[in-house]
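Chemist:
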Amino acid sequence: MSQIRYDLFHDRYVIIAPERMQRAAFLPAAKLQQSAVCPFCEGNESLTPPEIYAIRPHGSANMPGWKTRVVPNLYKALKIEAVPGRHHEGLFEWQEGFGAHEVIIDMPRHELRMDQWSKEEFVSWILTIQERVQDLQRDFRLVYLSVFKNHGQNASATQAHPHTQIIGLPLVPKMKMAQIRHHVAYFHEHQRCIVETLQSAEIAEKSRLILQNDTFVAIAPFASGVPFEVWVTPKKKISSVTQVCETGVHALSALLKELFARLYAVLGEFDFNLSFEIPPVHRYDETEEIFHLFEETCRFGVRIAPRLTGLGGFELSTGMMINPVAPELAAEQLRNAKK
30 MSQIRYDLFH DRYVIIAPER MQRAAFLPAA KLQQSAVCPF CEGNESLTPP
80 EIYAIRPHGS ANMPGWKTRV VPNLYKALKI EAVPGRHHEG LFEWQEGFGA
130 HEVIIDMPRH ELRMDQWSKE EFVSWILTIQ ERVQDLQRDF RLVYLSVFKN
180 HGQNASATQA HPHTQIIGLP LVPKMKMAQI RHHVAYFHEH QRCIVETLQS
230 AEIAEKSRLI LQNDTFVAIA PFASGVPFEV WVTPKKKISS VTQVCETGVH
280 ALSALLKELF ARLYAVLGEF DFNLSFEIPP VHRYDETEEI FHLFEETCRF
330 GVRIAPRLTG LGGFELSTGM MINPVAPELA AEQLRNAKK
């Protein structure tokens with residue numbers, strides 16, 4: 030029987046409708062068209078813009094010998110050279126496309142699934158994200174950073190080589206701003222962070238708990254928007270990826286490696302989006318009054334959203350998701366996965 034569930038984290042409703050699984054199977058992972066030469070592979074460094082950063086035990090910049098590499102996005106959505114500032118033309122507001130858009134090349138190895146990464150490769154990846162977030166937040170014009178990974182054509186990836194993107198914005202997206210205000214209001218009412226409340230409840234309830242270690246926990250959220258959605262959150266008070274200590278980086282790497290092994294064991298090849306939950310990094314007019322509360326109200330997290338179903342007219346017209354897999358079933362299958 031279907032249920033309408035309230036998503037406390039996002040302040041929205043989701044329909045959990047297991048009966049809809051009878052209609053069709055999941056979307057198959059879509060094979061990306063590949064060029065003859067991959068610009069992200071080791072040895073092809075000249076095919077990308079000059080690198081911004083790299084973890085490189087050996088060799089010189091823009092040469093082989095790296096573990097991770099960061100370059101400007103060749104097809105950037107925003108440019109750091111643009112001039113920030115709002116313009117109005119009657120009812121209409123616009124800005125130049127100011128911002129940062131970087132690509133993290135996750136590893137030299139091509140077309141590698143995340144369940145095949147070594148723990149050391151996860152560590153290098155997270156350390157690189159930390160470094161780029163720390164560096165980008167030195168630019169006070171950038172107030173919000175989006176860190177995300179698209180894997181597979183159904184997740185809007187255009188390149189098969191493992192990579193992650195960072196977009197820095199001069200504003201906080203409206204959807205994200207609404208979520209932040211909701212979290213602040215919850216904190217004022219309950220004197221507790223929403224993530225801490227949800228995490229404690231999920232650990233106690235157990236049916237949606239997938240796995241945990243001393244530092245992080247992975248759950249299938251009560252009001253999951255998509256099948257097999259997973260949230261990874263810290264057990265300690267950490268608001269940004271930059272605050273994860275060395276021990277925490279290793280703990281997160283170990284948990285993600287185990288989690289992806291279970292996801293692939295259950296789902297086989299699948300496309301997904303992965304995103305990092307990071308609070309605004311600088312004040313601006315919309316966050317001025319509440320910025321000082323972000324350490325208390327915001328928590329770092331990693332969201333994995335498999336792209337197993339498409340969006341229909343209902344989802345696009347209402348913003349309300351229909352999920353055909355109950356998170357309790359998803360969590361049970363992931364707990365019992367044979368890797």
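Using our numbering, the first residue of the sequence shown is number 30, and each one after it goes up by one. Just so it is clear, CB atoms sit at the ideal spot from N, CA and C, and this is done for glycine as well. Being a predicted model, the structure only gives us computed values, none of them experimental.
1) Is it the case that the stretch 330-345 contacts the stretch 284-298, given that we only count it when at least three CB pairs across the two stretches are under 8 Å?
2) Would you mind sorting I33 into buried or exposed? The rule is 16 or more other CB atoms within 10 Å of its CB.
3) Tell whether a beta-carbon distance below 8 Å holds between R39 and F169.
4) Taking Q272 as part of the beta strand (DSSP E), name the residues at either end of that continuous run.
5) Report, in whole angstroms, the separation of the C-beta atoms of F323 and P309, which I expect to be a contact under 8 Å.
6) Going along the chain, which residues of its own chain have a beta-carbon closer than 6 Å to the beta-carbon of A58, five neighbours each way excluded?
7) Whole angstroms is fine: what's the gap from Q166's alpha carbon to P47's?
8) So, with DSSP's three-state summary, where would you put M50?
9) Report the partner residues of G197 according to the DSSP bridge assignment.
10) Is it buried or exposed, Q291, if we count other Cβ atoms within 10 angstroms and call 16 or more buried?
11) Check F169 in the structure and name its three-state DSSP category.
12) Would you give the residue range spanned by the beta strand (DSSP E) that Q124 belongs to?
13) Going by the CB atoms, is the gap between V66 and E80 shorter than 8 Å?
Modeler: Result, derived from the coordinates:
1) yes
2) exposed
3) At residue 39 the sequence reads His, which differs from the Arg that was named. Taking 8 Å as the Cβ cut-off, H39 and F169 do not qualify as a contacting pair.
4) Run containing Q272: none; DSSP gives neither H nor E here.
5) 7 Å
6) G181, E298, F299, D300
7) 43 Å
8) helix
9) A129, L174
10) Here residue 291 is Arg; the residue named in the question, Gln, does not match the sequence. Buried is the call here.
11) coil
12) 121-124
13) no
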